[in-house]
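Each remark here refers to the structure printed beneath this line.
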Amino acid sequence: MDKISLRPYQKQFINDVRAEFRKNHKRIVGVAPCGAGKTIMTGWMIRESARRGKRSIFFVHRHELISQTSETFDRLGVEHGIIAAGTPMQLDLPVQIASVQTLARRLDKIPAPDFLICDECHHILANTYKKIINKWKDAFLVGVTATPQRMGGINLGDVFTSMVEGPSVDELIKLGNLTDFNYFAPETDIDLSHVHTKFGEYVNSELAQVMSSRCIIGDIVAHYKKLAKNKSAICYCVNVNHSKMVSESFLRANIPTAHVDGETPKKEREYLVEDFRQGKIKVLCNAELFSEGFDVPRCQAVILARPTRSLTLYIQQAMRPLRPDKDDPDKVAVIIDHVQNYLRFGLPNTVHEWSLDPNPPKRHHPAPVKTCPDCELVVPFATKTCPECGYKFVTEEDEEERLREHEGILSYIQREIYAARQQRITHAPRSPEDFMEIAKAKNYQVGWVAYNALEYATSYEDCLHIAQVCGYQKGWAWHKWQERRAKLLSGRI
Ligand SMILES: [Zn+2]
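For the sequence shown, the numbering used here gives the first residue as 825, with consecutive numbering after it.
Next comes the structure, spelled out in structure tokens:
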């Protein structure tokens, strides 16, 4: 029974793939973010070809994905067999869902398919995958992925000859397939420059050392409380030990938290995920367990505590909380990046330029972003007002523009004040030193000195001078000068 109808962009995607087949491309990579419904789109194509008597195999590389795919195929009304260890085969059915490992081992027992679908096909250069596609060279192949590149930036041009791009993350957010998000990047003093890389990824043991410092972990808990209080969050850690340490810190702060890893018995893991879904557990700490394809319902926030150089891993982790929630239509996901991943990859909705060109593609530079100094939200560089807290960014350009505009007025006002000041010289104190002397004699506070001396400030240098005399920071002088200049410009003096 068909309970699924396609969205326009999904129809478009399927048509685009077919158009490539008609152009005699046999191996096509389809790019679409999570939330685009890749399984629905490819399942739809499989159903069409099954109706025309063609055999298809949809293969996935993680066990958990088999049951998820199977459910989607049931909803599409696609009768299918499963090829996985411990499951009896039904090879008479024209549609099969297979685990890569089992499929690669049973190649000789399985009738040749006409159509191969490779899920998460950024793995396709691995040997097991190659075995499969080399065995059935005549089959049409569609690989789907959100990030059509391999670790270390190698592209997939060795296997695929054509690429079809689905909707962007922003389009999916607009359509409601994904929720909007707020991306926070607290300032940290993590220095990764000494961590070596291997196969395009950081060396884990060295990473663990950097990331286990007490202050980083404390920061993780503090920022959760500040930015994602009471939200259900998944925290991605470097390794099992790191994950346990972070989990313990959350517990010490009375936040119900659990650590899960590959060793956690399946049943226990299921209970923990269920408790998480019900909100009994607020934070789930793990090391890469809940990345690819592993569905954790009700996730509202992610905490990135594992620096990565893999765009694929980054996108999988950062996009995890972007799934819409029927019970929470206004959901806005929270992403807290403690490890500066966004500086390497941009934000989850950054548009990347993909290529199948076998020569290394041009280095991609993510769109520039900046962090709000008040609330730590990461925003596009051109943002003037922080959408989260209303902070007004003053850019250098603004500053110059304003100065240009008001230069004339300002210098006029400065002259006027200067003249007035000259007149007052003889009979009134004016310099911060003057006021400081009075303050000392009369036992006034330093604030009184600053307050009075500021009345005579007509430049940033004046304010700096006052700060110096009063023992204040440069930042104070800058801040006061902004106020002062605004007053001067508005003629309120
Ligand atoms: Zn802000």
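Note that beta-carbon positions come from the ideal geometry of N, C-alpha and C, so glycine has one too.
With a Cβ-Cβ cutoff of 9 Å, do Y1060 and Q1141 count as a contact? Looking up residue 1060 in the sequence shown gives position 236. Looking up residue 1141 in the sequence shown gives position 317. Yes, the pair counts as a contact, with Cβ atoms nearer than the cut-off.
Which two residues bound the contiguous alpha helix (DSSP H) that contains S1283? As a working mapping, residue 1283 is identified with position 459 in the sequence shown. Careful: S1283 lies outside any alpha helix (DSSP H) and carries neither H nor E.
Assign H1018 to one of two classes, buried (16 or more other C-beta atoms within 10 Å of its C-beta) or exposed (fewer than that). Residue numbering aside, residue 1018 sits at position 194 when the sequence shown is read from its first letter. That one is exposed.
Delimiting residues of the alpha helix (DSSP H) encompassing D1152: Taking the first residue of the sequence shown as position 1, residue 1152 is located at position 328. Neither: D1152 is in no alpha helix (DSSP H) and is coded neither H nor E.
Measure the CB-CB distance between I907 and I934 and report whether it falls below 9 Å. Along the sequence shown, one-based indexing puts residue 907 at 83. Along the sequence shown, one-based indexing puts residue 934 at 110. Taking C-beta atoms as the reference points, I907 and I934 count as a pair closer than 9 Å.
A1077 versus A1057: straight-line alpha-carbon distance, rounded: Looking up residue 1077 in the sequence shown gives position 253. Looking up residue 1057 in the sequence shown gives position 233. Cα-Cα distance, rounded: 15 Å.
From the DSSP output, in three-state form, read off L1234 for me. Counting from 1 along the sequence shown, the entry for residue 1234 is found at position 410. For L1234, the pLDDT reaches just 48, beneath the cut-off of 50, and the residue's location in the model is therefore unreliable, although a value from the coordinates is still provided. Note: L1234 maps to helix in three-state DSSP.
Under 8 Å: do the region 1026 to 1034 and the region 1124 to 1137 share three or more Cβ pairs, one atom per stretch? yes
What first and last residue would you give for the beta strand (DSSP E) that runs through F1008? Against the sequence shown, residue 1008 aligns to sequence position 184. Unbroken beta strand (DSSP E) run through F1008: D1004 to F1008.
Strand pairing of S880, partner residues [DSSP]: The residue you call residue 880 lines up with position 56 of the sequence shown. Answer is V919 and F939, bridged to S880.
Which class does A1310 belong to by DSSP, given the choice of helix, strand or coil? Taking the sequence shown and counting its residues from 1, one reaches residue 1310 at position 486. Of the three classes helix, strand and coil, the one that applies to A1310 here is helix, per DSSP.
In whole angstroms, what separates the C-alpha of K1091 from that of P972? Taking the first residue of the sequence shown as 1, we reach residue 1091 at position 267. Taking the first residue of the sequence shown as 1, we reach residue 972 at position 148. So the alpha carbons of these two residues sit roughly 34 Å apart.
Straight-line CA distance for K1365 to K961? What the structure shows of the chain is the stretch from 825 to 1317, and residue 1365 is not part of that stretch, so it cannot be assessed.
Can you check the region 1070 to 1158 for any beta strand (DSSP E) of at least 3 residues that lies completely inside it and give the ranges in chain order? 1081 to 1084, 1107 to 1110 and 1125 to 1128
Using 8 Å as the Cβ pair cut-off and three pairs as the minimum, do the region 911 to 926 and the region 845 to 864 touch? Contact fails between the region 911 to 926 and the region 845 to 864, because fewer than three Cβ pairs, one in each stretch, are under 8 Å apart.
Out of A970, V968, T926 and Y1280, which one is the CA nearest neighbour of K955? Position 131 of the sequence shown, counted from the start, is the residue given in the question as residue 955. It is T926.
Taking the alpha carbon of K878 as the point to measure from, which residue in L940, H849, A922 and S923 has its own alpha carbon closest? As a first step, residue 878 must be located in the sequence shown, where it is residue number 54. Ranking the options by Cα distance to K878, first place goes to L940.
Per DSSP, which residues does R851 bridge with? Please list them. By one-based count along the sequence shown, residue 851 stands at place 27. Per DSSP, L965.
State the DSSP-derived secondary structure class of I864, mapped to helix, strand or coil. Against the sequence shown, residue 864 aligns to sequence position 40. Helix at I864.
Would you say the beta carbon of Y1166 is closer than 8 Å to some non-hydrogen atom of ligand 1? Translated into positions along the sequence shown, residue 1166 becomes position 342. Result no, Cβ not under 8 Å from ligand 1.
With burial defined as no fewer than 16 other Cβ atoms inside 10 Å of the residue's Cβ, what is the status of I1249: buried or exposed? As a position in the sequence shown, residue 1249 is number 425, starting the count at 1. Since pLDDT at I1249 reaches only 41, below the 50 mark, its modelled position is unreliable, and no value is offered.
Where does N979 fall in DSSP's three states? By one-based count along the sequence shown, residue 979 stands at place 155. Three-state DSSP puts N979 in a strand.
Would you say the beta carbon of E1011 comes nearer than 8 Å to a heavy atom of ligand 1? As a working mapping, residue 1011 is identified with position 187 in the sequence shown. No, Cβ of E1011 sits at least 8 Å from all heavy atoms of ligand 1.
Which whole-angstrom value is the C-beta distance of V902 and A874, which I expect to be below 8 Å? Sequence index remark: in the sequence shown, residue 902 carries index 78 (1-based). Sequence index remark: in the sequence shown, residue 874 carries index 50 (1-based). Going by Cβ atoms, the distance from V902 to A874 rounds to 7 Å, so yes, they are a contact pair.
Where does E1200 fall in DSSP's three states? What you label residue 1200 is simply residue 376 of the sequence shown in a count that begins at 1. DSSP places E1200 in the coil class of the three-state scheme, outside both helix and strand.
Just to confirm, does C1213 get its C-beta within under 8 Å of one of the non-hydrogen atoms of ligand 1? Counting from 1 along the sequence shown, the entry for residue 1213 is found at position 389. For ligand 1, at least one heavy atom lies less than 8 Å from the Cβ of C1213.
What is the DSSP secondary structure of D1161, reduced to helix, strand or coil? Within the sequence shown, numbered from 1, the residue matching residue 1161 stands at position 337. Of the three classes helix, strand and coil, the one that applies to D1161 here is strand, per DSSP.
With DSSP as the reference, label I907 as helix, strand or coil. As a position in the sequence shown, residue 907 is number 83, starting the count at 1. Residue state, collapsed to three classes: strand.
DSSP beta-bridge partners for K1022? Numbered from its first residue, the sequence shown carries residue 1022 at position 198. According to DSSP, which records beta bridges pairwise, K1022 is partnered with E1025.
With the cut-off set at 9 Å, would you say R1147 and T969 are in Cβ contact? In the sequence shown, residue 1147 corresponds to position 323, counting from 1. In the sequence shown, residue 969 corresponds to position 145, counting from 1. For R1147 and T969, no; Cβs fall outside 9 Å.
Buried or exposed by the 16-neighbour rule on C-beta atoms within 10 Å, applied to C1210: Counting from 1 along the sequence shown, the entry for residue 1210 is found at position 386. The residue is buried, with at least 16 neighbouring Cβ atoms inside 10 Å.
E844 in three-state terms, based on DSSP: As a working mapping, residue 844 is identified with position 20 in the sequence shown. DSSP places E844 in helix when its eight states are reduced to three.
How about G990 and M865: do their beta carbons lie closer than 9 Å? Taking the first residue of the sequence shown as position 1, residue 990 is located at position 166. Taking the first residue of the sequence shown as position 1, residue 865 is located at position 41. Cβ atoms of G990 and M865: closer than 9 Å.
What is the residue span of the beta strand (DSSP E) that E1400 lies within? Examination of residue 1400 is not possible in this model, given that the chain is present from 825 through 1317 alone.
With A1057 as the anchor, note down where its beta strand (DSSP E) starts and where it stops. Position 233 of the sequence shown, counted from the start, is the residue given in the question as residue 1057. Run containing A1057: A1057 to Y1060, per the beta strand (DSSP E) assignment.
Around the C-beta of Q1102, are 16 or more other C-beta atoms found within 10 angstroms, so that it is buried, or is it exposed? Here residue 1102 corresponds to residue number 278 of the sequence shown, with the count starting at 1. When all chains shown are included, Q1102 counts as exposed.
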